[in-house]
Amino acid sequence: MSIDFIDIFLPVGVGPKAAGGNNRVDVTRVQERLNDWMPPELDRIPRPYGTMNRQTEQAIRSFQSIVVGMKRPDGVIEPVKKTLEALNDPRSKERWHRANLAEPVPERSASPRQTSISWEKELRSRVQGSQFDSTLTRDGKKAVLELDLRLLLKPIPEGIVFDADRKMFVTQRWNTHEWIAYKTRLAREAGTFWSGKFWLVPPESARSLTYVNNLGERWRVPVECRLRVHLATTRGHTKVLVAHLGQPATSEEALNRQLRRAHGGNAFRSHAQLYDQDDLDPVNRGTGLRQRTHVHEVGHAIGQPHIGQMTANVTSALQCTLAAIANPEQGTNSGICYGATAAEKQNVMGMGERLTAVNAQPWQQRILQHDSGALGFWEVKMTPQKRTRVK
Ligand SMILES: [Zn+2]
1404 MSIDFIDIFL PVGVGPKAAG GNNRVDVTRV QERLNDWMPP ELDRIPRPYG TMNRQTEQAI
1464 RSFQSIVVGM KRPDGVIEPV KKTLEALNDP RSKERWHRAN LAEPVPERSA SPRQTSISWE
1524 KELRSRVQGS QFDSTLTRDG KKAVLELDLR LLLKPIPEGI VFDADRKMFV TQRWNTHEWI
1584 AYKTRLAREA GTFWSGKFWL VPPESARSLT YVNNLGERWR VPVECRLRVH LATTRGHTKV
1644 LVAHLGQPAT SEEALNRQLR RAHGGNAFRS HAQLYDQDDL DPVNRGTGLR QRTHVHEVGH
1704 AIGQPHIGQM TANVTSALQC TLAAIANPEQ GTNSGICYGA TAAEKQNVMG MGERLTAVNA
1764 QPWQQRILQH DSGALGFWEV KMTPQKRTRV K
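Numbering-wise (the working numbering), the sequence shown opens with residue 1404 and increments by one.
Following this line, the structure appears as structure tokens:
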């Protein structure tokens, strides 16, 4: 496919970086291209072209977030930079569109609860579950257990919302660009966070992870754990409502400032079925404790409780249980369940983003459904493992 090459000499967009730019001809060409390639769900840039406006800014940001993969789209297209390069890449249109087809087309045939044991070199089995589906693939070098989590995200309309502590906040309407950028980024980042961190070492009884090569040697391969978050449109494994609590200088933000003061300074608190617009960015949860809320909440979605319920430290586990009994309203959302020791607090199912072997639990349990002969102990390693020769 050949396309008209856009060459701009001054920046197009908003903010200080675009100062002195926004030349009429450049703006027109950018607007034409954006409208041309934009997915149907987004608002078109109105004609006449030539002047920078809000719809153009939003389209640039959406393009930067989804196609260019920028975490913080700045809304500016500069000469010889990434965004311009992507605007001249014929594949960008498809990328932009694909991101908005909310539910990816399943790549594999999904036969329910099929497990197979095969001595052939390649293996693939798929299991469907209520919390997530999963696929185990194996070749001669390694195996991958990928959890497929279908997340149904729903924007909360403007009005009011009650957070995890049942405190009231005011919401504003999501605009389409922001909404699509939010969910795309969430799915991508949560998937990355929970992938390639754990390797399961199969027990001897794990027949499907052992194969015989053409020299007659038997090898056993480790299993790399991965997560893929799919954005569901109708039915998801987990349904989550997402609040937009307003941007700086909006009336919603002003009201929420007052509400926060009334709530004793407490900010909006997300939970497993309720997120907010800031959950993608790290929040300070205490000294040395930084966490992106969404990676924690996706941890819940794949079946992990708070660290207080997973830790091998009996004293911590007991403290969490007692706190939950003493305060049934809070249950295992009691502060102590987010970690009693410094190391526990650092965990992603506490108040940080650290992972330890306990966090591999969803994969460790699911693998047993893929390999019926493998009820032995699957050791969790946190570094890539090599295949081993077996007798
Ligand atoms: Zn939690």
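Every residue, glycine too, gets a C-beta built ideally from N, C-alpha and C. These figures come from a predicted structure and were not determined experimentally.
Requested in this report: Could you check what DSSP says for Ser1495 in three-state terms: helix, strand or coil?
Outcome: helix
Query raised in the report: Under 7 Å from any heavy atom of ligand 1, does the C-beta of His1633 make it?
Result: no
Report task. Give the DSSP-derived three-state secondary structure of Pro1787 in the structure shown. Result -> coil
Query raised in the report: Where the beta carbon is closer than 6 Å to any heavy atom of ligand 1, which residues qualify, in chain order?
Result: His1699, His1703, His1709
Query raised in the report: Given that a residue counts as buried once 16 or more other Cβ atoms are within 10 Å of its Cβ, and exposed if not, what is Lys1748?
Result: buried
Query - Selection from Pro1606, Arg1464, Trp1602 that minimises the alpha carbon distance to Thr1786 - result: Trp1602
**Report entry** Host alpha helix (DSSP H) of Cys1723 (start-end)
**Finding:** 1717-1729
Query raised in the report: At what residue ranges does the segment 1678-1714 contain a whole run of the alpha helix (DSSP H), taking only runs of 4 or more?
Result: 1696-1704, 1710-1713
Report task. Give the C-beta separation of Ala1646 and Ile1559 to the nearest angstrom, bearing in mind that I take them to be a contact with Cβ-Cβ under 8 Å. Result -> 5 Å
Query raised in the report: How would you call Leu1725, buried or exposed, if buried means at least 16 neighbouring beta carbons within 10 angstroms?
Result: exposed
Query raised in the report: Do you know offhand how far Gly1562's Cα is from Thr1579's?
Result: 17 Å
Query raised in the report: Which first and last residues belong to the beta strand (DSSP E) in which Ile1563 is found?
Result: 1562-1565
Report task. Let me know if Val1624 comes out buried or exposed under the rule of 16 or more other beta-carbons within 10 Å of its beta-carbon. Result -> buried
Query - Rounded separation between Leu1504 and Ala1593 - CA only - result: Because the pLDDT of Leu1504 is 45, which lies under 50, any placement of that residue in the model is unreliable, and the number read from its coordinates should be weighed accordingly. Taking the straight line from one Cα to the other gives about 19 Å.
Query raised in the report: Which ranges does the alpha helix (DSSP H) cover as unbroken runs of at least 4 residues, wholly within the segment 1579-1633, from first to last along the chain?
Result: 1579-1596
Query raised in the report: Just checking, does the segment 1626-1641 make contact with the segment 1526-1546 on the three C-beta pairs under 8 Å criterion?
Result: yes
Requested in this report: Identify which residue in Val1430, Gly1453, Asp1492 has its Cα closest to the Cα of Trp1440.
Outcome: Asp1492
Query raised in the report: What does Glu1549 pair with, by DSSP beta-bridge criteria?
Result: Thr1538, Arg1629
Requested in this report: Use the C-beta contact count for Val1417: other C-beta atoms within 10 angstroms, 16 or more gives buried, fewer gives exposed.
Outcome: buried
Report task. With a cut-off of 8 Å on the beta carbons, I'd call Ala1657 and Arg1663 a contact; round off their distance for me. Result -> Between Arg1663 and Ala1657 the Cβ distance is about 11 Å, and since that is not below 8 Å, they are no contact.
Requested in this report: Reducing DSSP to helix, strand and coil, say where Lys1635 ends up.
Outcome: A quick correction: the sequence has Ala, not Lys, at residue 1635. The answer is coil: DSSP assigns Ala1635 none of H, G, I, E or B.
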